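S.K.: Going left to right, the sequence shown walks through residues 1 to 499 as UniProt numbering numbers them.
In this text, a Cβ means the ideal position worked out from N, Cα and C, and glycines have one as well.
As the structure is a prediction and not an experimental result, all values here were calculated from the model.
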Amino acid sequence: MPFLPFLNVLSLRRELEGTNAEIFTWGCDGYSESTKQWSDLCDEQVGAMVRVTSTDEAATVVRFAAYHRIPFTVKGGGYSTTGASITHGGIVLDLSNLRRVHVNPVSRIVTAQGGALWEDIDVAAAQHKLAVVGSTLNHIGVAGATLGGGYGWLTGRYGLASDNLLWARMILADGSVILVSEEQHPDLFWAIRGAGQCFGVAIELAFRVHRQDHPVFAGTLLFSADNLPAIVEFANKFDILTDGNQGFWFGFAMPSSIDRCAIFVAVFYNGDQTAARKFFSPLFSIGPVVDETGMLPYDSLSGILNVMDTVSRRKILKGADITLPGDETVGTRKSLRGSNITLPLDINFVTSIYSEFDGILREFPQARDSILLFELLPNTQITKVPNDATAFASRGPYHNVISLFAWQDADLDERMHSLQDDIMNQIGTRGGIACKVDYSVLKHGTGLYANYAGHDLPIEAIFGDNLPRLRELKKKYDPNNIFKKWHNLHTSTVTRDSI
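1. Find out if the Cβ-Cβ distance for the pair A195, F463 is shorter than 9 Å.
2. Span of the beta strand (DSSP E) holding Y269?
3. Quick one: using the 10 Å Cβ neighbour count with 16 as the cut-off for buried, is C261 buried or exposed?
4. Decide if H490 is buried, meaning its Cβ has at least 16 other Cβ atoms within 10 Å, or exposed.
5. Alpha carbon to alpha carbon, what distance is there between T25 and R208?
6. Please state if the CB of F405 and the CB of Q426 are separated by a distance shorter than 9 Å.
7. Under the three-state reduction of DSSP, which class applies to H444: helix, strand or coil?
8. May I ask you to list the residues that DSSP assigns as paired with R333?
9. Closer than 7 Å by C-beta to A434: which residues in its own chain qualify, once you throw out the five before and the five after it? Chain order, please.
10. Taking all protein chains shown into account, do 16 or more other C-beta atoms lie within 10 angstroms of the C-beta of S281, making it buried, or fewer, making it exposed?
11. If you measure between the beta carbons of V9 and V46, is that distance less than 9 Å?
12. For a quick check, are the C-beta atoms of S256 and R362 less than 9 Å apart?
13. Would W153 and L205 qualify as a contact pair, given that the criterion is a beta-carbon distance under 9 Å?
14. Indicate the three-state DSSP secondary structure (helix, strand or coil) for E204 in the structure shown.
15. Give the straight-line distance between the Cα atoms of I316 and L442, rounded to the nearest whole angstrom.
16. Mind reading off the beta-carbon distance from S96 to W118? Whole number of angstroms is fine, and I expect it under 8 Å.
17. Please classify N340: is it buried, with 16 or more other beta-carbons within 10 angstroms of its beta-carbon, or exposed?
18. Could you tell me which of S34, E292, R337 and N451 sits nearest to S418, measuring between CA atoms?
19. Leaving aside the five residues before and after A112 along the sequence, list all residues of the same chain whose C-beta is less than 6 Å from its C-beta, in chain order.
20. Roughly how many angstroms separate the alpha carbons of T87 and T55, rounded to a whole number?
21. Examine the Cβ distances between the stretch 179 to 186 and the stretch 215 to 232 and report whether three or more of them are shorter than 8 Å.
22. Of the choices S300, D94 and G90, whose alpha-carbon is the least far from that of G79?
23. Under 7 Å Cβ to Cβ from R13, same chain only, skipping five residues before and after it: list those, please.
24. Considering only residues of the same chain and omitting the five flanking positions on each side of P215, which have a CB-CB separation below 8 Å?
25. Run the CB neighbour count on T495, radius 10 Å, all protein chains shown included, and call it buried at 16 or more, exposed below.
Structure representation (structure tokens):
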């Protein structure tokens, strides 16, 4: 049974009496469903899951947890695999009912409630032929992605989601609600653009939106493994070829009907099909075994990479004779980790990573739903902003790498984590910015995207030279360290046992 004293539960119910908030505690109807996480690895028995419908309700929950010193965290989209949106025996503030989006086409500003998903914003903005720099996945939370940085298909033109954040309405650790912007609480505005989850609840956010009055070319391709050299050759030219209107991801996935990893590719071109197919002609000339590319409206774009969702992934990798496992065999324990690479990539290095990843999936059949991707998005707009201009400390001449390991048996947790950590460390040390002789954290950034970073990494490695300032601001805005589940600014490392 989760440890939350019965008297605390009664007090919380009294605090929220007369509101529309729902409180789910152990043994109550709806409790198990309300606490379910995207990754079973993060399933915990919480003391109380509180699903709110207003800013006032949310502030009451924060104030209550802080006053009683009850472990506390926030659940927005709920896609963390580190346990950031769950806390054993504590209180979880569930924002899933707060998804309202408003678009002002005249001022070109969109505001979204703290529980909104990127799909909510994409669809609302598209009605006015506008678009926001959002995530490359449309079913994750707006607030979490933005506060940690936020890469999207429009990053090549407009930078990060956090670079397009105009203001945020924040609930602080004492339950107070303040507007944070360049004009109001500018020190906190600096902090929430890259480390926002450490300072409060973003109950509402406002973004700069951009004109997007035409469809885009995008989709996914699947190649046999022998085409890896040609794909790497194209990747090595990407930074030279791109004008900011393209995106190119490639990596490794194993459909169930073949006995080795295939090469998965996702492409994006913000323009017409003729120009797009010309840009990506080196890929199309190879002859993919599956081609799911074409013109589509922008508000459908971020659905093409819902490959991180196993249900959507089966739809994406359909075609030819390729199928994916049924629901009963899909790995439900998930772990996401990140690294970085610099171009040009050495084909022998990439081949060795392919071989190692392929070997893992062959040795552990229940992990076949895992995937590893090299994310090539133009970084010119990102690097125009100095690393100390916001808390986001990973602005440099490199590209993100992401791995999502998925498996079923809890007995494999330690082994899967070890294998994932090893392969991602290899990528960073052999192909990343850290292996460059002139590497400087101050100049080039940390090379670690905080939203991809695990809790076992030193906090210094994530925030670099921005950490001292973040810690000083933490003393000012959250002196009792209420907001610590995403990344704990007051520790050097956090072991998995303490998550």
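M.R.: Taking the coordinates as given:
1. Going by C-beta atoms, A195 is nearer than 9 Å to F463.
2. Note, Y269: beta strand (DSSP E), A262 to Y269.
3. It counts as buried.
4. Of the residues assessed, H490 falls on the exposed side of the cut-off, its CB having fewer than 16 other CB atoms within 10 angstroms.
5. Distance between the alpha carbons of R208 and T25 is about 39 Å.
6. No. Outside cutoff.
7. Reduced to three states, the DSSP call for H444 is helix.
8. When DSSP reads this structure, R333 sits in a beta bridge with W407.
9. G428 and G447.
10. Exposed is the call here.
11. The beta carbons of V9 and V46 sit no closer together than 9 Å.
12. It is not a contact, given that the beta carbons lie outside the stated cut-off.
13. Taking 9 Å as the Cβ cut-off, W153 and L205 do not qualify as a contacting pair.
14. Residue state, collapsed to three classes: strand.
15. Legend: pLDDT at I316 = 39, less than 50; position of this residue unreliable, value from coordinates given subsequently. Near 40 Å, if we compare the C-alpha coordinates of L442 and I316.
16. With a Cβ gap of about 14 Å, S96 and W118 do not count as contacting.
17. It is buried - the Cβ of N340 has at least 16 other Cβ atoms within 10 Å.
18. When only C-alpha atoms are compared, the closest one is R337.
19. V101, I121, V142 and L205.
20. Roughly 21 Å between the two C-alpha positions.
21. No contact exists between the stretch 179 to 186 and the stretch 215 to 232.
22. The sequence as given places Tyr at residue 79; Gly does not occur at that position. From the listed residues S300, D94 and G90, the smallest Cα separation to Y79 is found for D94.
23. Here the set comprises I23.
24. Closer than 8 Å at Cβ, skipping near neighbours: M295, L296, P297 and Y298.
25. Confidence in T495 is poor, its pLDDT being 43 and thus under 50, which makes the residue's placement too unreliable to answer from.
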